[in-house]
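Structure, as structure tokens:
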DNA sequence: ATGATATATTTAGCTTGCTAAGTAAATTCG
DNA sequence: CGAATTTACTTAGCAAGCTAAATATATCAT
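Chains as they are written, first to last, in full-length UniProt numbering: chain A, 1 to 141; chain B, 1 to 141.
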């Protein structure tokens with residue numbers, strides 16, 4: 001009985017996150033972006049010039065993943081890389097104007113999807129949901 | 001204020017699903033499996049011999065993705081493919097013994113992760129969580 | 001100072017996931 | 001019956017994400 005509930009939660013979570021990913025993917029395509037790149041840009045909006053290592057920590061993904069994402073974003077003119085002056089090992093990542101211009105449209109896409117996701121869920125329920133998700137998050141770490 | 005809650009839910013959801021994916025990935029590696037392959041096998045346990053098209057619908061992913069997953073699982077000896085006798089276009093997918101043997105260890109991995117995820121969350125809260133997730137799911141479709 | 005170790009990034013190679021375009025078989029319709 | 005359409009799958013090519021191993025620079029300890 002309990003196991004069944006848990007299992008449905010696992011399955012639901014799986015289905016939901018896959019579905020959200022696909023939906024985001026579709027919306028972001030209009031901006032010439034891939035899923036995940038929005039999160040990287042988000043980090044840069046709240047502070048340019050951080051290192052790939054810092055991005056890797058903030059986005060919870062491995063350094064080679066950052067290398068690839070950064071390469072792709074650079075080729076598309078959204079960011080540029082500059083070697084650190086003090087430490088020649090580190091690369092610092094900066095937004096181009098083109099990259100800065102994406103903040104508004106991306107935030108608007110996020111909001112659109114959030115609204116759709118949380119439709120017909122009350123404020124109290126949203127708060128509860130957030131609490132439960134924070135609990136789950138701390139369970140995993 | 002409301003927007004902030006929504007936004008945190010989006011971010012939390014993102015972080016949680018990425019984290020779960022990484023954790024599953026690590027556990028499944030011991031079985032020589034990749035994340036996602038477990039779900040495909042799960043479908044087959046509840047009924048062998050379905051077509052790639054049916055897999056594609058059940059797993060909510062595109063036919064080329066199924067082609068790739070099936071190819072990889074076949075090369076590793078977990079499944080085999082057989083052309084349909086009536087319709088030469090369709091491929092039917094079957095479990096090998098090696099594939100059938102994975103059911104127990106995979107279920108046990110799932111359960112282990114579910115327990116960790118839902119630790120310290122009461123049965124009432126789990127039920128509520130499930131309801132909210134079902135609501136979100138139907139919002140997206 | 002120099003040899004060993006640690007850190008930041010890259011490269012190679014894999015799978016999941018996608019789209020667009022191709023192939024082959026079945027079905028439909030004139 | 002035969003041409004057009006639909007259906008099932010494959011191929012090619014891309015990005016996210018991973019691991020393992022390579023490279024290059026810094027730092028630490030002797």
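By construction, the Cβ of each residue, glycine as well, lies at the ideal position given by its N, Cα and C atoms.
In this text the structure is predicted, and so the values were computed from the model without any measurement.
Query                                                                                                                   : Result
Distance, residue 116(B) Cα to residue 55(A) Cα                                                                         : 27 Å
Secondary structure of residue 82(A), DSSP reduced to three states                                                      : strand
As assigned by DSSP and simplified to three states, the class of residue 2(B)                                           : In this prediction, residue 2(B) has a pLDDT of 47, which is less than 50 and means its spatial position is unreliable; what the coordinates show is noted afterwards. DSSP places residue 2(B) in helix when its eight states are reduced to three.
Contact set for residue 1(A): own chain, Cβ-Cβ below 8 Å, skip 5 residues either direction                              : With a pLDDT of only 43 at residue 1(A), under the threshold of 50, the placement of this residue in the model should not be trusted; the figure read from the coordinates follows. Contacts found: none.
Residue from 71(A), 30(A), 134(A) with nearest C-alpha to residue 40(A)                                                 : 71(A)
Residue 9(A) versus 135(B), 28(B), 130(B), residue with shortest Cα-Cα distance                                         : 130(B)
Bounding residues of the beta strand (DSSP E) (the contiguous stretch that carries residue 102(B))                      : Neither: residue 102(B) is in no beta strand (DSSP E) and is coded neither H nor E.
Counterpart residues of residue 92(A) in DSSP-defined beta bridges                                                      : 51(A), 82(A)
Partners in chain A for residue 8(B), counting only beta-carbon separations shorter than 8 Å                            : 130
8 Å Cβ cutoff, residue 18(A) in contact with chain B                                                                    : yes
Contact under 8 Å by Cβ, residue 95(A) with residue 79(A)                                                               : yes
Any non-hydrogen atom of the ligand MN within 7 Å of residue 100(B) CB                                                  : This structure lacks the ligand MN, and indeed carries no ligand of any kind.
CB contact check: residue 126(A) to chain B, cutoff 8 Å                                                                 : yes
Segment contact, 8 Å Cβ cut-off, at least three pairs: the stretch 105-114 of chain A with the stretch 84-92 of chain A : no
Cβ-based burial, residue 141(B) [other Cβ within 10 Å; buried from 16]                                                  : exposed
The stretch 46-55 of chain B contacting the stretch 17-37 of chain B, beta-carbon criterion three pairs below 8 Å       : no
The stretch 59-68 of chain A in contact with the stretch 11-28 of chain A per 3-pair CB rule at 8 Å                     : no
Contact list for residue 134(B) against chain A, beta-carbon separation under 8 Å                                       : 12
Minimum Cβ-Cβ distance from residue 50(A) to chain B less than 8 Å                                                      : no
Backbone secondary structure at residue 9(A) - three-state DSSP                                                         : helix
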